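Residues 2 to 191 (this note's numbering) are what the sequence shown spells out, left to right. Positions of the beta carbon are idealized from the N, C-alpha and C atoms, including for glycine. Predicted model only: the values in this text are computed from it and were never measured. I have placed the structure first, in the form of structure tokens, so that the comments after it can refer back to it.
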Amino acid sequence: MKKLLLLCCLVSSFAATAQKSQKNKEKEERKQRYMLPQKDKDCAYISNVTKNTGEDSEANGTATRLAYRPYEELLTEINALRKMNNWADTTYQRRFNSLPAGGNLVVTMYRRGAQNADPSLLTITAKNKAGEEVFNKTPAAGSGRFWNRDLYKSERTIPFVKTETPQPLTVIITDSKLQQNFEYVVDPQG
């Protein structure tokens, strides 16, 4: 009888612990999102939905940043470089032809350990307002470079999709190692 009572108490304590940890996890997920998307201070085209760029994220090595550079900005840049460097027409034409019509996404990740800053651990997907997936990309593999303290930084520039009508797109960056999603809203019109 004592064994049965002990077994019941043990099972109920495990169930209570599991239920409590599930509630804590849900509470933590809610705490990790903003009520309204927050404009990024570095890029006017990006609004951050998840709280993943604060000091606490950088301290524990889970910060991920996203920036967007539209086609017009890239074109202005190569035109300025052409004037500055006296490029030949072939150099300018090669750079002009390589410009992505939808602009560029710049993904920067800060992680602990060089092997954890591998961009191939990320999957970047973009969805329009209707929920249709318009972009899906996994960056090329690589390792991070030492940044500060024990953090490593890895940065990738990825050609972005051009939509028929300019509209805000929800970009979700999924980190397979951390099992976290970082959500942003990219508005090409700024």
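Under the 10 Å beta carbon count, residue 106 is surrounded by 16 or more other beta carbons and is classified as buried. Residue 163 and residue 154 have their C-alpha atoms some 28 angstroms from each other. Nearest to residue 120 by alpha-carbon distance, out of 100, 65, 43, 72, is 65.
Each residue's CA atom was taken as its position, placing residue 33 and residue 186 some 16 angstroms apart.
Assignment of residue 123 by DSSP, reduced to helix, strand and coil, places it in the strand class. In the three-state DSSP reduction, residue 175 falls in the strand class (E or B). Of the residues assessed, residue 158 falls on the exposed side of the cut-off, its CB having fewer than 16 other CB atoms within 10 angstroms. Take residue 148, set aside five residues on each side of it, and the residues of its chain with a beta-carbon closer than 7 angstroms to its own are 111, 154, in chain order.
Of all alpha-carbon atoms in 75, 179, 94, the one lying nearest the alpha-carbon of residue 122 is that of 179.
Straight-line measurement puts the Cα of residue 79 at about 10 angstroms from the Cα of residue 88.
For residue 82, the secondary structure class from DSSP, reduced to helix, strand or coil, is helix. Under the 10 Å beta carbon count, residue 51 is surrounded by 16 or more other beta carbons and is classified as buried. Distance from the Cα of residue 125 is smallest, within the candidate group 132, 183, 38, 190, for 183. Taking the Cα positions, residue 176 is about 16 angstroms away from residue 136. For the pair residue 140 and residue 103, the CB atoms are not nearer than the 8 angstroms cut-off. The Cβ-Cβ distance between residue 166 and residue 128 does not fall below 8 angstroms. With 16 or more other Cβ atoms inside 10 Å of its own Cβ, residue 117 counts as buried.
Residue environment: residue 81 is assigned as exposed (fewer than 16 neighbouring CB atoms within 10 Å of its CB, all protein chains considered).
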